[in-house]
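Protein chains in written order, with our numbering: chain C, 8 to 657; chain S, 67 to 265. Note that the Cβ used here is the ideal one computed from N, Cα and C, for glycine as well. This structure is a prediction, so every number in the text was calculated from the model and none was measured.
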Amino acid sequence: MHKLLSDKIGEEIMLLGNEAIARGAIEAGVAFATTYPGTPSSELSLNLFQISKETDLYFEYSTNEKVAMEVAAAAANSGLRTMCIMKHVGLNVAADPLMTLAYIGVKGGMVILTADDPSMFSSQNEQDNRYYAKLAGLPMLEPSSVSEAKEMTIAAFELSEALQEPVILRTTTRINHSSAFVKTGEIKTRNTKGFFKKDQMSYVTVPAVSRKLHVKLLANLKKAAEMSESSIHNFVVSANSSTCNANKLGIICNGVSYLYASDAVKDLGIEDRTKILRIGFSNPMPANLIKSFAKDCQKILVIEEGEPFMEEAVKAFAQEASIFVPISGKNGEEVAPPCISSSSEQTEGCLLPSEQEPLFSRLYEFDPAMVRRKIASFFGIEDTYTHLKPVDTKGIPDIPQRPPNLCSGCSHRATFYEVKKASQGMDVIFPSDIGCYTLGFLPPLSMGDFVICMGGSVSTSCGFSKATDHKVVSFIGDSTFFHSGITGLVNAVFNNHNFTLVILDNGITAMTGHQPNPGVDMTQMNFEGYKPISIEKLVRAIGVEHITVIKPFKVRKSIEAIKEALAFKGVSVIISQEPCTLFAKSIKILKPRPFHITAKCVDHRDCINQIACPSFYIENGRVKIDADTCVGCAVCAQICPDNAILPLKQ
Amino acid sequence: MDTKRLIIVAVGGQGNLLASKVLGEAALLSGVSVRMSEIHGMAQRGGVVESAIVFGDAQSSIISDGEADMLVGFEPAETLRAMNRCNVNTKVITSLSPVPPFTAAIGRGVYPEIENIVSLIRERTPSLVAFDAMKLAKEAGNPMTLNIVLVGALVQSNVLPLTRETVEEAITLRTKKGFVDMNIKAFNLGFDAAQGVAL
Ligand code: SF4
Ligand code: SF4
């Protein structure tokens, strides 16, 4: 049985934040879940996928986040408790259905999990998705810890049903990827049979209907605001809460910042002078609660990663309530201080913040020491925390970097090398996309000139090929092609663009931990009931006239085929087919057959300089292959001009 | 109880997530509250994996630079790279078996000499336990037990509020059935080695 299905109540189990949320959903009786995988949310989906194989929970890996949101919207409007899971940028893709789903609302509870990634540990940006709740007019909950994440997931389903609106559950990487002990609760029975009651005046969003629905949404939002005022997720922590609350130092915070602030207040020894308002129900913000919190504070510091979402609201509420205490948060380095202007007239009447220290930044995640320092400086408190001198890092030599790299024997490395060889001497722009293969931009391959978002490689190729005289060759993975590359390719054919698209088809969504996509043969993993789609047939049906399928581990043949495709005027597609090595190893369809470097090696190091497989290393000035990691793709053997690389055992 | 902050640095695939799980389980068995945080986005692609484990009353699950009480490195150059996480009181344990990054192989940077790594760490921190954990892992029966060898050394250091017995129990609970004996052996080898080389 899956560990998250344990029906023991009150058991303490060590869970990753993502597992805690999955457990919360299970306890809430989630019946239907959809996703497109994306770090830091991936383990949440993976657990629900596994659980769906053991229970009547319906789970699917949808083609992209928009599809996932729409599939989920229908289930929720058929009365099922539904969850839709994605990383923060995924919500951009799903924003279109989200905005109008808010008008329609839901019948069964629907929770939309968005996993933000401050500091961009594994993302292309660090956008703050709290604004989506504001934009859509939807309630939003934000947990501060792993165990709270579980409880809040359950609360989110209940809130959604109470308001008949989807609820956004917003996490950050440090919630998704932290672990702690979580107490199990009772698992509600799943209701998996939905019923859709037709009602065109509620569901068909023609203007006449939508005008009414918008009124309903605003009424719901008002109700949500009232609920936010008394929500257990918005609470005040104060040492002596009943007596002598006046003249306190006020802190308003959310998410993990609440943990850092709590530790800091304790470490600074200012618990009796401080009160903390933790906002967990953050859209709509609890206006009255904030006003009454603020009115007897001396000064207020708002601590939140990302944008000044709460800070701006708090300032507006304070203005409404004629509260004039200093309120600050993000006057960090990257924000120009207010009221610095040339004319004295303009500065007149404008209160300069008394503190000159830079406060928080919109950039990157926070950490406990940073929060402690800023609290101390904002409130003018001596930082009495016993500071141990950090070690002196001066004098430590540069240590070679360890950036993530394509695996040993990764088929992408072979394809990149071959495209590079085939296009030698040409002036090429290489747009690329989101996946393991984004790493192809690293030297020595250096393949990848422009990356913005999922599917962007194809459409930006359209633009580059029209706007410049360069040859354009772009890269996209199989999963990303299904996600949002197809529409770009349709555009390219219709508008008669001129570029070569290389589809790196390794038969899995590798980057996020090997999830299925519509091209995957699910029988390899012993899953029945799926119908894989052939990329080649699809591309042909779109009307691409030049299609080449290559097997990238056949180096010479592939280079010849690529040259031909590059010479074609118009849209040409190369499909490079080879299973992801890491995945093939894990499901045991690949048995590594390591190679070694023989005495014939004359040490010109072509292998290292051109493909740099991580299995190579230098020992006593000679190139060697690590037999433990080499999988025997034989690509290095084919490019060695002296045939010095051979299988270890013949 | 006093908060104790532990950072484990490793290279993807060295199993520091399992090591943290074992320590977490041992904390539960000892009634010590614990929170951990991992950055493992690109672990499988050979990057650095860092775990932060906070024992005791603090609520945060991450550790700021200079605030680790204990640093355990599964790879010597990574231990050295993590010096910014240490203060002048931080105890350090490191394996000495190198896993050079591919950047060194392709000539972008030079992998430091092991003796040099050891003296750079020793000059900066009060207590360094450094030994070839890979050798002991192989002796225990599998290179994959490197993580548990280092857990053994960590428990010997006595910085954490965990006893030898509870950690052994946690290993029994948390590692794969067929590997328990091997892991217990690895744990004891690490424990004894740390006793022998501690300063
Ligand atoms: S996981 Fe697969 S696709 Fe990704 S780098 Fe490794 S072999 Fe290549
Ligand atoms: S055969 Fe060569 S390129 Fe392929 S995995 Fe082994 S060392 Fe790397």
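key: Within 8 Å, strictly: CB atoms of S:Val-176 and C:Pro-407   = The count along the second sequence starts at 1 and reaches residue 176 of chain S at position 110. The count along the first sequence starts at 1 and reaches residue 407 of chain C at position 400. In contact: S:Val-176 and C:Pro-407 (Cβ atoms closer than 8 Å).
ask   = Where does C:Glu-172 sit, in a helix, a strand or coil, going by DSSP?
value = Your numbering for residue 172 of chain C matches position 165 in the first sequence. C:Glu-172: coil per DSSP, three-state reduction.
ask   = Can you list, in chain order, the residues of its chain whose CB lies under 8 Å from that of S:Thr-232, leaving out five sequence neighbours each side?
value = One-based indexing of the second sequence puts residue 232 of chain S at position 166. The residues are Ala-92, Leu-95, Ser-96.
request  = Check whether the Cβ of C:Cys-417 sits closer than 7 Å to any heavy atom of ligand 1, and report yes or no.
outcome  = Numbered from its first residue, the first sequence carries residue 417 of chain C at position 410. It does: the Cβ of C:Cys-417 is within 7 Å (strictly closer) of some heavy atom of ligand 1.
ask   = Is it true that the stretch 548-566 of chain C meets the stretch 383-394 of chain C, where meeting means three or more beta-carbon pairs spaced less than 8 Å apart?
value = no
Exposed unless 16 or more other CB atoms sit within 10 angstroms - verdict on C:Ile-403 = Locating residue 403 of chain C in the first sequence gives position 396, counting from the first residue. Answer is buried; the Cβ neighbour count reaches 16.
inquiry  = Is S:Pro-164 close to chain C? Criterion is C-beta to C-beta, closer than 8 Å.
reply    = As a first step, residue 164 of chain S is located in the second sequence; it is residue number 98 there, counting from the start. It does not; no Cβ of chain C falls within 8 Å.
task = State the start and end residues of the unbroken beta strand (DSSP E) segment that holds C:Thr-467.
result = Taking the first sequence and counting its residues from 1, one reaches residue 467 of chain C at position 460. Per DSSP, C:Thr-467 belongs to no beta strand (DSSP E); it is in the alpha helix (DSSP H), 463-474.
request  = Use the C-beta contact count for C:Ser-361: other C-beta atoms within 10 angstroms, 16 or more gives buried, fewer gives exposed.
outcome  = Locating residue 361 of chain C in the first sequence gives position 354, where the first residue counts as 1. Because C:Ser-361 carries a pLDDT of 42, less than 50, the predicted location of this residue cannot be relied on, and no value is offered for it.
query = Taking the alpha helix (DSSP H) that C:Lys-229 falls in, what are its first and last residues?
reply = Looking up residue 229 of chain C in the first sequence gives position 222. Run containing C:Lys-229: 214-237, per the alpha helix (DSSP H) assignment.
request  = Measure the C-alpha to C-alpha separation of C:Leu-142 and C:Arg-177 and round it to an integer number of angstroms.
outcome  = Locating residue 142 of chain C in the first sequence gives position 135, counting from the first residue. Locating residue 177 of chain C in the first sequence gives position 170, counting from the first residue. Answer to the nearest angstrom: the Cα atoms are 14 Å apart.
query = Where does S:Leu-84 fall in DSSP's three states?
reply = Numbered from 1 along the second sequence, position 18 holds the residue referred to as residue 84 of chain S. In the displayed model, S:Leu-84 falls within a helix according to three-state DSSP.
message = Taking DSSP's pairing of strands, which residues face S:Ser-117 in a bridge?
response = As a first step, residue 117 of chain S is located in the second sequence; it is residue number 51 there, counting from the start. S:Ile-74, S:Glu-104, per the DSSP bridge assignment.
inquiry  = So if I threshold CB-CB distances at 8 Å, which residues from the stretch 135-157 of chain S count as touching chain C?
reply    = Ala-143, Glu-144, Leu-146, Arg-147, Met-149, Asn-150, Cys-152, Asn-153, Val-154, Asn-155, Thr-156
query = So, helix, strand or coil for C:Cys-643, using DSSP?
reply = If you number the first sequence from 1, residue 643 of chain C lands on position 636. Here DSSP, grouped into helix, strand and coil, assigns C:Cys-643 to helix.
ask   = Around the Cβ of C:Glu-61, are there at least 16 other Cβ atoms within 10 angstroms (buried) or fewer (exposed)?
value = Locating residue 61 of chain C in the first sequence gives position 54, counting from the first residue. It counts as exposed.
ask   = Does any CB atom of chain C fall closer than 8 Å to the CB of S:Met-200?
value = The sequence position of residue 200 of chain S within the second sequence is 134, counting from 1. By this cut-off, S:Met-200 is not an interface position.
request  = Kindly identify the DSSP beta-bridge partner or partners of S:Val-195.
outcome  = What you label residue 195 of chain S is simply residue 129 of the second sequence in a count that begins at 1. S:Ile-159.
Option in C:Ala-215, C:Lys-195, C:Gly-115, C:Arg-181 with minimal Cα separation from C:Val-174 = Taking the first sequence and counting its residues from 1, the one referred to as residue 174 of chain C is at position 167. When each option's Cα is compared against that of C:Val-174, the closest is C:Gly-115.
query = For C:Ile-283 versus C:Met-292, is the C-beta distance shorter than 8 Å?
reply = The residue you call residue 283 of chain C lines up with position 276 of the first sequence. The residue you call residue 292 of chain C lines up with position 285 of the first sequence. No, they are not a contact pair.
query = Are C:Val-189 and C:Ala-27 closer than 8 Å when you measure CB to CB?
reply = Position 182 of the first sequence, counting from 1, holds the residue named residue 189 of chain C. Position 20 of the first sequence, counting from 1, holds the residue named residue 27 of chain C. Yes. Within cutoff.
request  = Within 10 angstroms of the Cβ of C:Met-433, are there 16 or more other Cβ atoms? Answer buried if so, exposed if not.
outcome  = For the purposes of this step, residue 433 of chain C is taken as residue 426 along the first sequence, with counting starting at 1. With fewer than 16 Cβ atoms within 10 Å of its Cβ, C:Met-433 is classed as exposed.
request  = Would you please verify whether the beta carbon of S:Pro-178 is less than 8 Å from any beta carbon of chain C?
outcome  = Counting from one through the second sequence, the residue named residue 178 of chain S turns up at place 112. Yes, contact with chain C.
Closer than 7 Å at the beta carbon, the chain C residues around S:Pro-34 = The structure shown does not extend to residue 34 of chain S, since chain S is modelled only from 67 through 265, so no value can be given for it.
ask   = Taking the alpha helix (DSSP H) that C:Glu-543 falls in, what are its first and last residues?
value = Position 536 of the first sequence, counting from 1, holds the residue named residue 543 of chain C. Residues 542-549.
query = Would you say C:Cys-260 reaches chain S, if we count a Cβ-Cβ gap shorter than 8 Å as a contact?
reply = Residue mapping note: residue 260 of chain C aligns to position 253 of the first sequence, counting from 1. With 8 Å as the cut-off, C:Cys-260 does not count as an interface residue toward chain S.
ask   = Can you tell me the Cα-Cα spacing of S:Ala-219 and S:Asn-150, whole angstroms?
value = What you label residue 219 of chain S is simply residue 153 of the second sequence in a count that begins at 1. What you label residue 150 of chain S is simply residue 84 of the second sequence in a count that begins at 1. Computed Cα separation, rounded: 22 Å.
query = Buried or exposed: C:Phe-602, going by 16 or more other Cβ atoms within 10 Å of its Cβ?
reply = Taking the first residue of the first sequence as position 1, residue 602 of chain C is located at position 595. By the neighbour-count rule (16 or more Cβ atoms within 10 Å), C:Phe-602 is buried.
inquiry  = Distance check for S:Val-215 and S:Asn-254, CA to CA, integer angstroms please.
reply    = Translated into the one-based positions of the second sequence, residue 254 of chain S becomes position 188. Translated into the one-based positions of the second sequence, residue 215 of chain S becomes position 149. Whole-angstrom Cα-Cα distance: 7 Å.
inquiry  = Can you check whether the C-beta of C:Asn-227 is within less than 8 Å of a C-beta belonging to chain S?
reply    = Working through the first sequence from its first residue, we reach residue 227 of chain C at position 220. For C:Asn-227, the answer is no, since every Cβ of chain S falls outside 8 Å of its Cβ.
request  = Using only the heavy atoms of ligand 2, determine whether one of them is closer than 7 Å to the beta carbon of C:Ile-310.
outcome  = Counted from its first residue, the first sequence places residue 310 of chain C at position 303. Checking every heavy atom of ligand 2 against the Cβ of C:Ile-310, none is found closer than 7 Å.
ask   = Mind checking if C:Asp-279 is an interface residue toward chain S, Cβ cutoff 8 Å exclusive?
value = Your numbering for residue 279 of chain C matches position 272 in the first sequence. Chain S contact via Cβ: absent.
query = Which ranges would you report for the alpha helix (DSSP H) in the stretch 377-431 of chain C if only whole runs of at least 4 residues count?
reply = 418-429
task = Write down every uninterrupted run of the alpha helix (DSSP H) in the stretch 469-542 of chain C whose length is 4 residues or greater and which is fully enclosed by it, in chain order.
result = Segments of the alpha helix (DSSP H) lying fully in the stretch 469-542 of chain C: 493-501.
key: Helix, strand or coil at S:Phe-245 [DSSP, three-state]   = Taking the second sequence and counting its residues from 1, the one referred to as residue 245 of chain S is at position 179. Helix at S:Phe-245.
Nearest residue (CA-CA) to S:Gly-132, options S:Ile-237, S:Lys-157, S:Pro-142 = One-based indexing of the second sequence puts residue 132 of chain S at position 66. Out of S:Ile-237, S:Lys-157, S:Pro-142, the CA that lies nearest to the CA of S:Gly-132 is found in S:Lys-157.
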